[in-house]
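Note that UniProt numbering has the sequence shown beginning at 10, numbered continuously upward. Idealized CB from N, CA, C, for every residue including glycine. These notes are about the structure you will find just below.
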Amino acid sequence: PQAVEVERIRADFPILQRPMNGKRLAFLDSAASAQKPQCVIDAERECYETYYANIHRGVYQLSQRSTQAYEGVRAVVQRFINAPDEREVVFVRGATEAINLVAQSFVRPMLSPGDEILITGMEHHANIVPWQLVCEATGAQLVVAPVLDDGQLDMEGLRARIGPRTRFVSVVHVSNTLGTINPVEAIISLAHEQGVPVLVDGAQSAPHMPVDVQAMGADFYCFSAHKTYGPSGAGVLWGRYEHLKDMPPYQGGGDMIRTVSFEKTTYAEPPQRFEAGTPNIAGVIAMGRGLEYIESVGREAMIAHEQGLLDYAMDRLGHIPGMRFIGTAPHKAGVVSFLLDGVHPHDMGTILDMEGVAVRVGHHCTQPLMERFEVPATVRASFGLYNDRDDVDALVDGLHRVKEFFG
Ligand code: PMP
């Protein structure tokens, strides 16, 4: 694959041109949210400046143009995740809303007391709490597959937990805390052998690797635009049409109906059935531009670039005395979680910030995983297209500062 030309990519991101504390910004928090290229910012602004109007139903030109631009993004997403049908692409606010939608509309109606929903020990709170809500409402149980010491999923443990009461499996593709890339194809096969459908939380895979929902075999897949170089407040739920067509609406309102009367309302077909109310029109349009941006860079090139940075970072950080990595699975995306002996993660984050290095410290919305590793928090550096070795060097230099500071 072609190599990623980082200098050219960096030039596309206005925020990276701004110094931080007089230093070059080393932005190492793309797992939380990615920065935005000019083309995404322009797409959103162009919409508001030149053709914005509410979508659907409008007979005037602006509304038709907005509708076309918004609806056109379904085909972009379809190609981006290799979905068989663009009617399977539902626009939502983000991964969180997508998971709640599936939990309430698809899973909850099939649950009886004693039924089980299987997740893993490395889920983001967004893939835990929605399941707890449906369990509380129905008397179903949440079952958790264990995580091994190196941050891999315990596949034997997972297999043993798929049983006759399992009704649904929901699993993260790439852990936002450990970087572990889970073998979702194998997990889906195991579940499907028992007739159990699977949702893959792609919040961290969509931005960093090629995604083929058909090859994967998933029933549902979701991601958030703000991590795929798009705006916040937009995202995608993809689901097999055979599931979507039988699912009841998640929310009621305008735009999701066929006919409304006080006696009986009938619902639109998917995806409209799941898009009640005026959506994030400009945000969805700009999300499409962000996905095209990733495609223009090339996903194979992107992987090679981010894996190169990961290897470089693990090597350089690994030479710092007192370094403890949390998450060293062999298949790992560009996320490094660590601790330094005797230094609190929040102190590290603060000192690194003074050096222009933006990392995240805390539990990364994975509190049960923190408990699993018996740590209160970690420092997390995560990579995107625009990172280079200078960013890793700045992190390493900053950590040496931290060590000097704490003696
Ligand atoms: N799952 C994972 C693995 C994530 O990293 C995140 C975001 N940190 C989410 C779900 C939730 O995404 P959002 O907050 O955009 O809805």
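Are the beta-carbon atoms belonging to G369 and V156 less than 8 Å from one another?
Here residue 369 refers to the residue found at position 360 when the sequence shown is read from its first residue. Here residue 156 refers to the residue found at position 147 when the sequence shown is read from its first residue. Position check: residue 369 holds Arg in this sequence, whereas Gly was assumed. Not a contact, by the Cβ cut-off of 8 Å.
For S121, the three-state DSSP class (helix, strand or coil)
Here residue 121 refers to the residue found at position 112 of the sequence shown. If DSSP states are grouped into helix, strand and coil, S121 belongs with coil.
Given that a residue counts as buried once 16 or more other Cβ atoms are within 10 Å of its Cβ, and exposed if not, what is E413?
Translated into positions along the sequence shown, residue 413 becomes position 404. Label assigned to E413: exposed.
On the three-state DSSP scale, how would you describe V269?
The sequence position of residue 269 within the sequence shown is 260, counting from 1. Residue state, collapsed to three classes: coil.
Report yes if the C-beta distance between I360 and G407 is below 8 Å; otherwise report no.
Indexing the sequence shown from 1 puts residue 360 at position 351. Indexing the sequence shown from 1 puts residue 407 at position 398. Yes.
For R176 and L120, believed in contact at Cβ under 8 Å, the rounded distance:
For the purposes of this step, residue 120 is taken as the residue at position 111 of the sequence shown. For the purposes of this step, residue 176 is taken as the residue at position 167 of the sequence shown. Yes, L120 and R176 are in contact; Cβ-Cβ is about 6 Å, under 8 Å.
Please determine if the stretch 236-254 and the stretch 43-53 are in contact, where contact requires at least 3 C-beta pairs separated by less than 8 Å.
yes
So, do the stretch 62-79 and the stretch 105-119 have three or more beta carbon pairs nearer to each other than 8 Å?
no
Classification of A224 by the beta-carbon crowding that lies within 10 angstroms, buried from 16 upward:
Indexing the sequence shown from 1 puts residue 224 at position 215. A224 should be labelled exposed.
Distance between beta carbons of N91 and D228, contact taken as under 8 Å:
Numbered from its first residue, the sequence shown carries residue 228 at position 219. Numbered from its first residue, the sequence shown carries residue 91 at position 82. The Cβ separation is near 15 Å, so there is no contact.
Nearest to L167 by CA position, among A12, T129, S184 and D159, is which residue?
Position 158 of the sequence shown, counted from the first residue, corresponds to residue 167. Closest by alpha carbon: T129.
State buried or exposed for G297, treating a residue as buried only when at least 16 other CB atoms are found within 10 Å of its CB.
On the sequence shown, residue 297 is found 288 positions in, with the first residue counted as 1. Per the 10 Å Cβ criterion, buried.
Going by alpha carbons, who is nearest to E95 out of A104, R83 and I329?
Within the sequence shown, numbered from 1, the residue matching residue 95 stands at position 86. Minimum Cα distance to E95 is reached at R83.
So, with DSSP's three-state summary, where would you put S387?
Translated into positions along the sequence shown, residue 387 becomes position 378. Note that residue 387 is Thr in the sequence shown, not Ser. It is a strand residue.
For ligand 1, is there a heavy atom less than 7 Å away from the beta-carbon of T105?
Start at 1 with the first residue of the sequence shown, and residue 105 comes out as number 96. Because some heavy atom of ligand 1 lies under 7 Å away, the Cβ of T105 counts as near it: yes.
Is the beta carbon of V209 less than 8 Å from the beta carbon of R325?
As a position in the sequence shown, residue 209 is number 200, starting the count at 1. As a position in the sequence shown, residue 325 is number 316, starting the count at 1. No.
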